[in-house]
Amino acid sequence: DAELDSEPVTEFADEREAYQYAFDLFKKGRYEESLSGFEQIIVNYPNGQYTPNAFYWTGDLYLADRDYEKSRQAFVQVISLYPDHQKVAAAIYKLGVVYFALGDNQAALKYLEQVQRDYPESSAAGLASRYSSEIQ
């Protein structure tokens with residue numbers, strides 16, 4: 015459809031504005047557009063303040079779309095590039111979910127146990143506890 019290809023490109027004043035736009039699309043259920051927005055943040059602001067969040071939401075959107083390899087890669091980026099970021103616990107939990115979806119229960123449990131061990135106070139730890147009890 016040619017009309018879709020000619021949509022105007024949205025210009026943003028800064029990274030925060032670009033992130034807010036992508037996140038608003040996510041909240042509205044416009045997932046494909048949201049994914050494009052988050053991926054553009056990663057490209058445009060490789061060292062940006064919102065880049066770890068953009069990787070996280072990219073992983074979440076790919077997970078919802080059942081693109082498990084791209085999802086896995088995005089969550090690994092959060093963990094390896096931003097080890098002190100607030101999204102790390104949730105990314106580790108989501109890796110457990112991804113590996114379970116891939117049929118690798120052993121790897122899934124490893125990540126679910128890791129988030130409970132390393133981030134016991136996080137909401138992700140509670141989710142991981144419930145999820146791992148369903149796997150076992």
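In this note's numbering, the protein residues as written are 15 to 150.
Ideal placement from N, C-alpha and C gives every residue a C-beta, glycine not left out.
Small disclaimer: the values here were computed from a predicted structure and weren't measured.
Quiz item: If you drop the 5 nearest sequence neighbours on each side, which residues of the same chain put their C-beta closer than 7 Å to that of histidine 99?
Solution: The residue given as residue 99 occupies position 85 in the sequence shown. Excluding residues within five positions, the ones whose Cβ falls inside 7 Å are Pro66 and Val92.
Practice problem: Determine the direct distance from the alpha carbon of alanine 142 to that of glutamine 120, and round the result to whole angstroms. | Solution: Looking up residue 120 in the sequence shown gives position 106. Looking up residue 142 in the sequence shown gives position 128. Approximately 14 Å, taken between the alpha carbons.
Quiz prompt | Given 8 Å, three or more beta-carbon pairs between the stretch 57-72 and the stretch 23-34 | solution = yes
Quiz item: With a CB to CB cut of under 7 Å and the five nearest residues on each side skipped, what residues in its chain are close to aspartate 19?
Solution: Numbered from 1 along the sequence shown, position 5 holds the residue referred to as residue 19. Confidence is the limiting factor: at aspartate 19 the pLDDT is only 46, short of 50, which leaves the residue's position unreliable, though a coordinate-based value still follows. Close CB contacts of aspartate 19 within its chain, under the 7 Å cut and outside five residues either way in sequence, are absent.
Quiz item: What residue range is occupied by the uninterrupted alpha helix (DSSP H) comprising serine 137?
Solution: Counting from one through the sequence shown, the residue named residue 137 turns up at place 123. In the DSSP annotation of this structure, the continuous segment of the alpha helix (DSSP H) that includes serine 137 starts and ends at 137-149.
Quiz item: Cβ-heavy atom distance between tyrosine 96 and the ligand NAD below 8 Å?
Solution: No copy of the ligand NAD occurs in the structure displayed, which carries no ligand at all.
Quiz item: Where does aspartate 74 land, buried or exposed, given buried means 16+ other C-beta within 10 angstroms?
Solution: Position 60 of the sequence shown, counted from the start, is the residue given in the question as residue 74. Aspartate 74 should be labelled buried.
Quiz item: Are asparagine 102 and tyrosine 133 close, meaning C-beta to C-beta below 9 Å?
Solution: Taking the first residue of the sequence shown as position 1, residue 102 is located at position 88. Taking the first residue of the sequence shown as position 1, residue 133 is located at position 119. For clarity, residue 102 is valine in the given sequence; the question names asparagine instead. Going by C-beta atoms, valine 102 is nearer than 9 Å to tyrosine 133.
Practice problem: Can you tell me the Cβ-Cβ gap for alanine 68 and phenylalanine 89, rounded? I've got them flagged as a contact below 8 Å. | Solution: Here residue 68 is taken as the residue at index 54 of the sequence shown, counted from 1. Here residue 89 is taken as the residue at index 75 of the sequence shown, counted from 1. 12 Å between Cβ atoms; not a contact.
Practice problem: Quick one: residues in its chain with C-beta nearer than 6 Å to the C-beta of isoleucine 106, no 5 flanking neighbours on either side, listed in chain order? | Solution: Start at 1 with the first residue of the sequence shown, and residue 106 comes out as number 92. Excluding sequence neighbours, isoleucine 106 sits near Tyr125, Gln128 and Val129.
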